[in-house]
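Okay, so the sequence shown: first residue is 228 according to my numbering, each after it adds one. Reading through the structure tokens given below for one structure.
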Amino acid sequence: MINPELDRIAGTLRQFGFPRKFAVELCAECNLACTMCHHPFMQRPKGTMPMPLWQKCADEIAATAPSTEVWFSFCGEPLLEPQLLLEMLAYGKKVGLQSLNLNTNGQLLTPDLAGPILDSGLNLIVFGIDGLTAKTYESVRVLGDHETLYANVEHLLAERAKRESGPEVHVQFIVMDENEEELDAFKDYWLERGAIVKVRNKLSWGGTFGTQMEVPDEERIPCPWSLTMMHVFWDGRVPRCPGDTEGEEGAGNAWHEPLAVLWERLGAYRQLHLEHRWNELPERCQDCKDWMTGAATRLRPEEGPFAEPLEEPAELEEKRA
Ligand code: SF4
Ligand code: SF4
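Laid out in structure tokens, this is it:
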């Protein structure tokens, strides 16, 4: 094994009895059309997760493994439904979920929403940004407005700095050909403002997008997404993995069966990964590069509330785009 980072990740993977991470597609609509994302090409019906479906999932996670990382994130922008998000977070806290996390493009996290979001019980907020200048940001995060986003994030950071508790705030930079020249300046800008800077690789979304990642076949590792994470679409369907963006190889529906049963149904795929039986995996896994995404790098500011970790950082990558 030549790639030490992939080697390290591979060493953490095994058959888990329940997902370590659970992604909730609160809303399948999005206000942006980012160039690195599957969402602009999504064919399946779009909608919003009903509260009773979330309650069913949250109850089972709380009863089975309350420390499971729950991510409000998949294909869509959760803050298109801010009240529903706040209600779902409140319910998750009430039933005892210990790790509630949000991934957002930040356009709608306006100053009037900053207080409720900071008070919501979230453990972590990740802003998908990917550009320092307006030109780069708006060419990658299509339909996004640079000025609005930067003002929203800076306001949230200032509000968070005034409090003695609240979520960590990460600003994410997915490295792409289009933006890599801005990475160093992006880091400096946000570290000076007290954010944690998260740098990660671009995904191939099940092999449909080109990425700059290259790892020789002989260094392939079991797919961390497959081994650790379950996703549920807004309508309850559970895809085989995040590369199964349309749910064509799904395990079933969370409305009708327990999450543990759906997870167990995907166990045979996980075993193929663990035994390196790559040729027996579904065709999607043959072209997909997402197993090589690796963990993100996180840089902490020297001062402010995020200078020291609030808790141990996640071992593995958790999020799509
Ligand atoms: S990356 Fe996020 S914000 Fe951009 S189109 Fe995809 S779901 Fe929307
Ligand atoms: S490598 Fe296979 S299991 Fe992993 S994300 Fe891609 S398609 Fe899914």
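For each residue, glycine too, the CB sits at the ideal point set by N, CA and C.
Alpha helix (DSSP H) segment containing residue i, residue limits
i       : result
Trp-452 : 451-455
Arg-235 : 231-237
Asn-350 : Premise fails: Asn-350 is in no alpha helix (DSSP H) and is neither H nor E.
Leu-280 : 278-291
Val-442 : Premise fails: Val-442 is in no alpha helix (DSSP H) and is neither H nor E.
Trp-490 : 486-492
Among the options, the one whose alpha carbon lies nearest that of residue i
i       : options                               : result
Pro-443 : Gly-421, Ala-385, Lys-516 and Cys-468 : Lys-516
Ala-292 : Glu-308, Cys-302, Gly-319 and Ile-423 : Gly-319
Gly-393 : Phe-533, Gly-238, Phe-243 and Val-402 : Phe-533
Asn-328 : Val-297, Glu-314, Gly-244 and Pro-338 : Val-297
Phe-245 : Lys-425, Glu-252, Leu-493 and Glu-529 : Leu-493
Glu-357 : Gly-348, Pro-309, Tyr-416 and Arg-368 : In the sequence as presented, Glu is not what sits at residue 357; that position holds Asp. Comparing Cα-Cα distances from Asp-357 to each of Gly-348, Pro-309, Tyr-416 and Arg-368, the minimum goes to Arg-368.
Trp-482 : Pro-277, Asn-406, Gly-238 and Thr-239 : Pro-277
Leu-240 : Ser-453, Gln-310 and Met-315          : Ser-453
Burial state of residue i, where buried means 16 or more other Cβ atoms lie within 10 Å
i       : result
Leu-370 : exposed
Pro-231 : exposed
Ala-522 : buried
Reduced DSSP secondary structure (H/G/I, E/B, other) of residue i
i       : result
Cys-254 : strand
Val-322 : helix
Phe-249 : strand
Gly-244 : coil
Gly-460 : In the sequence on display, residue 460 carries Phe and not Gly. DSSP places Phe-460 in coil when its eight states are reduced to three.
Asn-406 : coil
Phe-533 : coil
Val-465 : strand
Where the beta strand (DSSP E) containing residue i begins and where it ends
i       : result
Trp-298 : 296-299
Glu-395 : 395-402
Ile-423 : 423-428
Thr-435 : Element bounds for Thr-435: n/a, residue is neither H nor E.
Thr-375 : Careful: Thr-375 lies outside any beta strand (DSSP E), inside the alpha helix (DSSP H) at 373-389.
Thr-524 : 524-526
Using the beta carbon as the reference atom, which residues fall closer than 6 Å to any heavy atom of ligand 2, ordered along the chain?
Any residue whose Cβ sits closer than 6 Å to a heavy atom of ligand 2 makes the list: Gly-433, Cys-450, Trp-452, Ser-453, Cys-468, Pro-469, Gly-470, Arg-511, Cys-512, Cys-515, Asp-517 and Trp-518.
Around ligand 1, what residues have a beta-carbon under 6 Å from a heavy atom of it, in chain order?
Close to ligand 1, as judged by a C-beta nearer than 6 Å to any of its heavy atoms, are the residues Cys-257, Leu-259, Ala-260, Cys-261, Cys-264, His-266, Cys-302, Gly-303, Glu-304, Asn-332, Gly-355 and Ala-548, in chain order.
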